[in-house]
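Working notes, beginning with the structure itself.
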Amino acid sequence: MNMLIGILTRNPNGWASSRLIKAVESLGHRAFPFKFRDMVAYIGNGMLKVFVNGVDIVKDVNAIIVRPIGRCSLEWAIFRMDILYALQDYGVVIVNRPQAIERCVDKFRVLYLLQMHGIPVPETIVTENASLAYEYLKKLGSENIVIKPVFGSRGHGSTKITLRDRDVVWEVLHAMAFTRHVLYLQRFLQHGGIDIRALVIGDKVVASMYRVAPRGMWKTNVAQGAQPIGIEKLNPQIEDIAIRSAKIVECDIAGVDIAVANGKPYVLEINSQPGWSGLQSTTKIDIALEIVKYVIDKVKK
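Per the UniProt record's numbering, residue 1 is the first one in the sequence shown, and the count goes up by one each step.
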């Protein structure tokens with residue numbers, strides 16, 4: 001069966017999209033890269049149709065691999081999720097599913113789902129109120145805290161603050177509250193500038209790496225300059241945590257970030273649309289090919 005696999009992406013010529021297109025074609029199928037803004041939905045005569053450049057997505061496309069949707073207005077974001085839900089309802093295989101994308105884009109939602117299922121996560125305070133945030137900080141039991149945007153990735157917008165600088169903490173919290181940001185405050189884990197990214201596809205970790213922050217820095221995101229170092233054999237406990245975490249948020253594909261502090265692993269975040277250029281540089285496994293194989297198997301089932 002020759003399949004048409006959609007690659008929903010901001011940049012069809014980008015590194016990840018190009019790798020996915022190549023992987024689809026190497027398996028004898030056709031790749032169809034397109035953007036959200038190329039889509040038009042038609043509702044009428046008791047049916048839904050979604051067109052992209054004349055292609056009937058519901059009728060002609062077997063599956064869609066969703067890459068990061070990027071920054072957009074709230075209205076656009078809601079519509080984009082709605083259209084993914086609609087396509088899913090009409091039988092198109094979506095990877096990752098919209099419910100997984102919605103869960104993972106919200107750090108608070110991910111954290112409470114994980115802790116509800118017994119996954120260890122860092123102590124965290126979330127509120128809209130700067131005064132309450134300031135009052136509850138002492139519950140974190142740490143001299144240093146990390147302030148993160150609830151929505152965001154690649155370490156952008158994350159800031160480490162020392163509680164000794166109480167005036168600075170007060171000003172930062174009130175400035176964020178004034179601009180109507182949710183205050184997401186997390187105990188800083190003493191992980192030595194190293195954490196783990198495990199890439200889960202289906203029910204297994206396909207590849208994993210250490211992310212080593214530059215000397216004197218604390219952010220371990222590869223996008224922030226961290227060095228990726230491949231892990232030949234992941235610790236079984238951490239592997240199990242990564243797989244369980246992906247399942248909890250209903251991700252078919254997930255980048256699970258785990259830090260170890262004082263001998264205990266903690267899940268920091270889950271990325272439902274992970275990049276893998278850093279990870280690919282550490283392994284001989286063709287990650288794009290593994291993703292596409294998984295998607296094709298899912299269609300066949």
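We treat Cβ as the ideally placed atom computed from N, Cα and C, and that holds for glycine.
- Along the region 186 to 255, the beta strand (DSSP E) occurs as fully enclosed runs of 3 or more residues at 194 to 201, 204 to 212 and 227 to 230, listed in sequence order.
- Note on geometry: alpha-carbon atoms of GLY230 and VAL212 lie some 11 Å from one another.
- With a minimum length of 4 residues, the unbroken runs of alpha helix (DSSP H) contained wholly in the region 12 to 43 fall at 15 to 26.
- It is roughly 25 Å from the alpha-carbon of ASN271 to the alpha-carbon of GLY91.
- If the five residues before and after ALA261 are omitted, its C-beta is found closer than 7 Å to the C-beta atoms of LEU189, GLN190 and HIS191, all from its own chain and listed in chain order.
- Proximity to ASP240 across GLN227, CYS104, VAL256 and GLU250 peaks at VAL256, based on C-alpha coordinates.
- Cβ-Cβ separation between LEU199 and LEU113: approximately 20 Å, too far for a contact (criterion under 8 Å).
- Just measuring C-alpha positions, the residue of TYR184, ASN129, GLY54 and LYS160 sitting nearest GLY216 is LYS160.
- By DSSP's assignment, LEU183 forms a beta bridge with THR127.
- Here the alpha carbons of PHE34 and VAL52 stand approximately 8 Å from one another.
- By the Cβ rule, the region 224 to 238 does not count as touching the region 94 to 101, because fewer than three pairs are nearer than 8 Å.
- Taking 8 Å as the cut-off, the beta carbon of PRO68 is found closer than this to the beta carbon of ARG10.
- Less than 8 Å divides the Cβ of VAL299 from the Cβ of ALA63.
- The residue from ILE291, MET39 and ILE43 with its alpha-carbon nearest to that of ILE253 is ILE291.
- Excluding the 5 residues flanking it on each side, ILE94 has same chain C-beta neighbours closer than 8 Å at ALA63, ILE64, VAL66, LEU84, LEU87 and GLN88, in chain order.
- Separation of the CB atoms of THR220 and GLY263 is rounded to 18 Å, and the pair is thereby denied contact status at 8 Å.
- When LEU140, ARG244, GLU75 and ASP60 are compared, the shortest CA-CA separation from ASP203 is found for ARG244.
- By DSSP's assignment, LYS49 forms a beta bridge with TYR42.
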